[in-house]
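Novice: Please see the structure below; I have some questions.
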Amino acid sequence: MTRLNNEALKDVLAATAVLVITAVVYGLLFNRETTLSYSIGYNLYGAERVLSGEIPYLDFHTLYPPGTVYLNALLFKIIGIGLFSALFGVLLFKVGTILVIYACSRMAMPRAWSVFTTFSAVLWLRPNGPFKAAPMHYGALFLALALYFTLEGERRESARCSFAAGFSIGLLALFKHNIGAYALAGIIALQLAPYLMSLYRRSEAKRFDRRLLWVIGGFCLPVLPVILFFWSKGALDAMIRSLLFGSGEFLVSRLAASPSPVAPAALVVIATGAVWLGRRLEEAQMLYWSALLLLVVVFAFFGPQSAIDQLIFYGPILVIISGFAVCLTAREISTEQRRMLAAFVIVALASFLEAFPRFAREQAIASMPFVLPALFLQVYLIRNWLERAPGIARGAAIALAITPVLFACLGIRVFTSSFLAGAAFKSDTPLSIERGRRVYFPENTAREIDDVVSFIKERVPPGGYFFAESYAGSSFLFLAERNNPSGAQFWGGVGVTPTERERTLNAIKDRSVNLIVTSDRDREAEKYRPMRDYIDDNFRETRRFGEVVILERR
234 MTRLNNEALK DVLAATAVLV ITAVVYGLLF NRETTLSYSI GYNLYGAERV LSGEIPYLDF
294 HTLYPPGTVY LNALLFKIIG IGLFSALFGV LLFKVGTILV IYACSRMAMP RAWSVFTTFS
354 AVLWLRPNGP FKAAPMHYGA LFLALALYFT LEGERRESAR CSFAAGFSIG LLALFKHNIG
414 AYALAGIIAL QLAPYLMSLY RRSEAKRFDR RLLWVIGGFC LPVLPVILFF WSKGALDAMI
474 RSLLFGSGEF LVSRLAASPS PVAPAALVVI ATGAVWLGRR LEEAQMLYWS ALLLLVVVFA
534 FFGPQSAIDQ LIFYGPILVI ISGFAVCLTA REISTEQRRM LAAFVIVALA SFLEAFPRFA
594 REQAIASMPF VLPALFLQVY LIRNWLERAP GIARGAAIAL AITPVLFACL GIRVFTSSFL
654 AGAAFKSDTP LSIERGRRVY FPENTAREID DVVSFIKERV PPGGYFFAES YAGSSFLFLA
714 ERNNPSGAQF WGGVGVTPTE RERTLNAIKD RSVNLIVTSD RDREAEKYRP MRDYIDDNFR
774 ETRRFGEVVI LERR
């Protein structure tokens, strides 16, 4: 066997190991939900409405692109309607995403580096529904594929790969249009960079890279038919309003103060001091840096949660900034390596921008599978400089090299705290309801869901309606197999027009809706005065299940 064949075999075995281990780990977790996700009501009930012939944006309101509801409608048609079917679909997408991330890492780094990078990415599952049917759980696969084909296109200078990269971004946009826009802008900038730099430096102008046109063409291929479909159904105007303006309204409603930068700033100061001190201890360098590495590990596992949350949010920002800095300043790396790193950083940035302007910890965690490869690649590319750099420069490089260990340990902490209570799973109780079979929740949550669904089924006949005033109530529409009199998936959500609110109130009257699922918080937050008055005059509280309040007609 030649050396080339031997290396190819090792690559196949490594990829197989990544696939099998990821599938086993995620296979143990995908049907263990920690909370009742609102995505059940928003996306899965939406998929059920699609199966009944309804059109998103026209017959019911959603802020997301249509990919999620149509994909889950297809899964329901193939596997059957149920929560398990949707979670199994997410499992397939997440395993596929990790496998593609390994393939991308392997293009830029040796096998061992790629394996460690990939398994670090496996750990970063966002809490509160890491396998819920949320758009980015599907979009992440297409973002990873866009990176893969971009790297392949850079290596081969292939128009076909550029087209495939654009096509992947187009598919991404059908699930998360904002991240699709960020990724498309970044890849276009990457393609234009050599041409623009030659103009800026007034050197011999580089030929305009026509692969850019292939990227744009690939992007349009999946997007334009969807636009034409909704235009033919008379839903295009509503779709544009929802995706462009409704999403902005949603972000404004979720604005929050940025996390405190105290912990990241303190870490930078400590790292700077450690570098300076390390230079003074020339005869004990190995012992010194080993002790520092141990302290980093201890902090990652046992540090205060507030400091950890700050690092989780600001860490990706530092990685992205340092990535662009390495691209622009590192003289030791080749042009091909520079452009590869730029592609990794662009994809990490596109993923992380989901966290703005909400400053959401969950979105920062969700971006980590793309941030970590960018970080590991930076360390890999400067490793030779790290070995020979003098004094403070070498200390700074060693400090940077410790950073992946910090992120890997933080990933283990997030992973274990999300799923485990000691040595056992937090979610250990299966739902008994039909659409929740083979899905596990914490015991109290599982019992509450079963009780609410059973009560609704007793009070509302099959094919009947109840009104979900609360976010959680929307999920019970799907789980209880009952209908919504409203076109608003989330009654209290943004983007619900006054016309839709009036239509919903009339539907409750005309269809003699006799049951409402709400909560004290949603009752107090009811802003549509005619609905508030109608409920107060015609409904009364009959049961409570935890925070879930059941109102029935007087």
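If you count by our numbering, then the sequence shown holds residues 234 to 787, one letter each, in order. Glycine residues also receive a C-beta, built at the ideal position from the N, C-alpha and C atoms.
Just verifying my parser: in three-state terms, what is the DSSP assignment at GLU757?
Specialist: Sequence index remark: in the sequence shown, residue 757 carries index 524 (1-based). Here GLU757 sits in helix by DSSP.
Novice: Helix or strand or just coil, what does DSSP make of GLU569?
Specialist: If you number the sequence shown from 1, residue 569 lands on position 336. GLU569: helix per DSSP, three-state reduction.
Novice: With distances taken from CA atoms, which of PHE400, ARG671, VAL355 and ALA740 is nearest ASN641?
Specialist: Here residue 641 is taken as the residue at index 408 of the sequence shown, counted from 1. First, the residue type needs correcting, since residue 641 is Ala and not Asn in the sequence shown. Taking only the C-alpha atoms, the option nearest ALA641 is VAL355.
Novice: Do the stretch 494-507 and the stretch 544-558 make contact, defined as three or more Cβ pairs closer than 8 Å?
Specialist: Yes, they touch.
Novice: In the DSSP output, what is ARG777 paired with across the bridge?
Specialist: One-based indexing of the sequence shown puts residue 777 at position 544. Partner(s): VAL782.
Novice: Taking C-beta to C-beta, are ALA341 and LEU610 nearer than 8 Å?
Specialist: Here residue 341 is taken as the residue at index 108 of the sequence shown, counted from 1. Here residue 610 is taken as the residue at index 377 of the sequence shown, counted from 1. A contact, by the Cβ cut-off of 8 Å.
Novice: Does the stretch 274-282 come within contact of the stretch 703-719, defined as at least 3 CB pairs closer than 8 Å?
Specialist: Touching, per the Cβ criterion.
Novice: If we call anything under 8 Å between Cβ atoms a contact, is ALA416 one with ALA583?
Specialist: Taking the first residue of the sequence shown as position 1, residue 416 is located at position 183. Taking the first residue of the sequence shown as position 1, residue 583 is located at position 350. Yes, Cβ-Cβ distance for ALA416 and ALA583 is below 8 Å.
Novice: Using the rule of at least 16 other Cβ atoms within 10 Å of the residue's Cβ for burial, across every protein chain shown, is ILE768 buried or exposed?
Specialist: Locating residue 768 in the sequence shown gives position 535, where the first residue counts as 1. Buried is the call here.
Novice: With DSSP as the reference, label ARG265 as helix, strand or coil.
Specialist: Locating residue 265 in the sequence shown gives position 32, where the first residue counts as 1. In this structure, ARG265 counts as strand in the three-state DSSP scheme.
Novice: Here's the rule I'm using: 16 or more other beta-carbon atoms within 10 Å means buried, otherwise exposed. How should ILE689 be labelled?
Specialist: Taking the first residue of the sequence shown as position 1, residue 689 is located at position 456. The residue in question, ILE689, is buried, as its Cβ has 16 or more Cβ neighbours within 10 Å.
Novice: May I ask which residues mark the beginning and end of the alpha helix (DSSP H) holding VAL456?
Specialist: The count along the sequence shown starts at 1 and reaches residue 456 at position 223. It spans 444-465 - the alpha helix (DSSP H) in which VAL456 sits, taken as one unbroken run.
Novice: Looking at the unbroken beta strand (DSSP E) that takes in ILE312, where does it start and where does it end?
Specialist: Position 79 of the sequence shown, counting from 1, holds the residue named residue 312. Taken as a continuous stretch (DSSP letters only), ILE312 belongs to no beta strand (DSSP E), being part of the alpha helix (DSSP H) at 300-312.
Novice: Who are the near neighbours of TYR290 in its chain, counting only those whose CB is closer than 6 Å to its CB and skipping five residues on each side?
Specialist: Position 57 of the sequence shown, counted from the start, is the residue given in the question as residue 290. Same-chain partners within the cutoff: ALA468, ALA471, MET472 and SER475.
Novice: Jot down the residue ranges of each uninterrupted alpha helix (DSSP H) in the stretch 369-433, minimum 4 residues, whole runs only, in chain order.
Specialist: DSSP runs (the alpha helix (DSSP H)) wholly in the stretch 369-433: 392-406.
Novice: So, with DSSP's three-state summary, where would you put ALA367?
Specialist: Numbered from its first residue, the sequence shown carries residue 367 at position 134. Residue state, collapsed to three classes: coil.
Novice: For ASN238, which three-state DSSP category applies?
Specialist: Taking the sequence shown and counting its residues from 1, one reaches residue 238 at position 5. Looking at ASN238 - three-state DSSP - the assignment turns out to be helix.
Novice: Taking its Cβ as the centre, do 16 or more other Cβ atoms sit within 10 Å of MET601, making it buried, or is it exposed?
Specialist: Taking the first residue of the sequence shown as 1, we reach residue 601 at position 368. By the neighbour-count rule (16 or more Cβ atoms within 10 Å), MET601 is buried.
Novice: Using the rule of at least 16 other Cβ atoms within 10 Å of the residue's Cβ for burial, across every protein chain shown, is GLN424 buried or exposed?
Specialist: Here residue 424 refers to the residue found at position 191 of the sequence shown. Flag for GLN424 reads buried.
Novice: Is it the case that the stretch 553-565 contacts the stretch 664-671, given that we only count it when at least three CB pairs across the two stretches are under 8 Å?
Specialist: The stretch 664-671 is not in contact with the stretch 553-565.
Novice: Please determine if the stretch 737-749 and the stretch 301-314 are in contact, where contact requires at least 3 C-beta pairs separated by less than 8 Å.
Specialist: Result no; under three Cβ-Cβ pairs closer than 8 Å.
Novice: Note down the Cα distance separating VAL638 from PHE352, rounded to an integer number of angstroms.
Specialist: The residue labelled residue 638 in the question sits at position 405 within the sequence shown. The residue labelled residue 352 in the question sits at position 119 within the sequence shown. So the two alpha carbons sit approximately 12 Å from each other.
Novice: Check this for me: beta carbons of ARG359 and PHE658, under 8 Å apart or not?
Specialist: Here the question's residue 359 lines up with position 126 in the sequence shown. Here the question's residue 658 lines up with position 425 in the sequence shown. Result no, Cβ atoms of ARG359 and PHE658 do not sit closer than 8 Å.
Novice: Inspect the beta-carbon positions of LEU384 and LEU405 and report whether they are closer than 8 Å.
Specialist: Counting from one through the sequence shown, the residue named residue 384 turns up at place 151. Counting from one through the sequence shown, the residue named residue 405 turns up at place 172. No, they are not a contact pair.
Novice: Is the distance from the Cβ of MET573 to the Cβ of GLU733 below 8 Å?
Specialist: For this step, residue 573 is matched to residue 340 along the sequence shown. For this step, residue 733 is matched to residue 500 along the sequence shown. No; because the gap between Cβ atoms is not below 8 Å, this pair is not in contact.
Novice: Please confirm whether ALA496 and ALA533 have their CB atoms less than 8 Å apart.
Specialist: Position 263 of the sequence shown, counting from 1, holds the residue named residue 496. Position 300 of the sequence shown, counting from 1, holds the residue named residue 533. The answer is no: Cβ separation not under 8 Å.
Novice: Got a sec? Which residues, its chain only, sit under 7 Å from PHE382 by beta carbon, not counting five neighbours each side?
Specialist: Working through the sequence shown from its first residue, we reach residue 382 at position 149. Here the set comprises CYS394, ALA397, ALA398 and SER401.
Novice: With distance defined between alpha-carbon atoms, name the residue in VAL459, GLU287, LEU446 and ALA247 nearest to PHE408.
Specialist: Within the sequence shown, residue 408 is the residue found at index 175, counting from 1. That would be VAL459, whose Cα lies nearest to the Cα of PHE408.
Novice: Three or more C-beta pairs under 8 Å: does that hold for the stretch 678-696 against the stretch 295-310?
Specialist: No contact exists between the stretch 678-696 and the stretch 295-310.
Novice: Tell me PHE857's beta-bridge partners as DSSP assigns them.
Specialist: Beyond the ends of the chain as shown, which are 234 and 787, falls residue 857; an answer cannot be given.
Novice: Please return the same chain residues whose Cβ sits closer than 7 Å to the Cβ of LEU526, not counting the five positions on each side in sequence.
Specialist: For this step, residue 526 is matched to residue 293 along the sequence shown. These residues qualify, in order along the chain: ILE635 and VAL638.
Novice: Determine, using beta carbons only, whether PHE364 and LEU332 come nearer to each other than 8 Å.
Specialist: As a first step, residue 364 is located in the sequence shown; it is residue number 131 there, counting from the start. As a first step, residue 332 is located in the sequence shown; it is residue number 99 there, counting from the start. Cβ distance not < 8 Å, so PHE364 and LEU332 don't count as in contact.
Novice: Might you give, ordered along the chain, the residues of its own chain that have their beta carbon closer than 7 Å to the beta carbon of LEU378, omitting 5 neighbours on each side?
Specialist: Numbered from its first residue, the sequence shown carries residue 378 at position 145. Once the five neighbours on either side are set aside, the close Cβ partners of LEU378 are VAL333 and SER401.
Novice: By the DSSP assignment, the alpha helix (DSSP H) with THR562 in it spans what residues?
Specialist: On the sequence shown, residue 562 is found 329 positions in, with the first residue counted as 1. From DSSP, the alpha helix (DSSP H) with THR562 extends over 538-562.
Novice: Give me, in chain order, the residues of the same chain whose beta-carbon lies closer than 8 Å to that of ARG777; leave out the 5 immediate sequence neighbours on both sides.
Specialist: Taking the sequence shown and counting its residues from 1, the one referred to as residue 777 is at position 544. Contacts found: ILE783.
Novice: Give a yes or no on contact between the stretch 670-679 and the stretch 238-258, applying the rule of three or more CB pairs nearer than 8 Å.
Specialist: Result no; under three Cβ-Cβ pairs closer than 8 Å.
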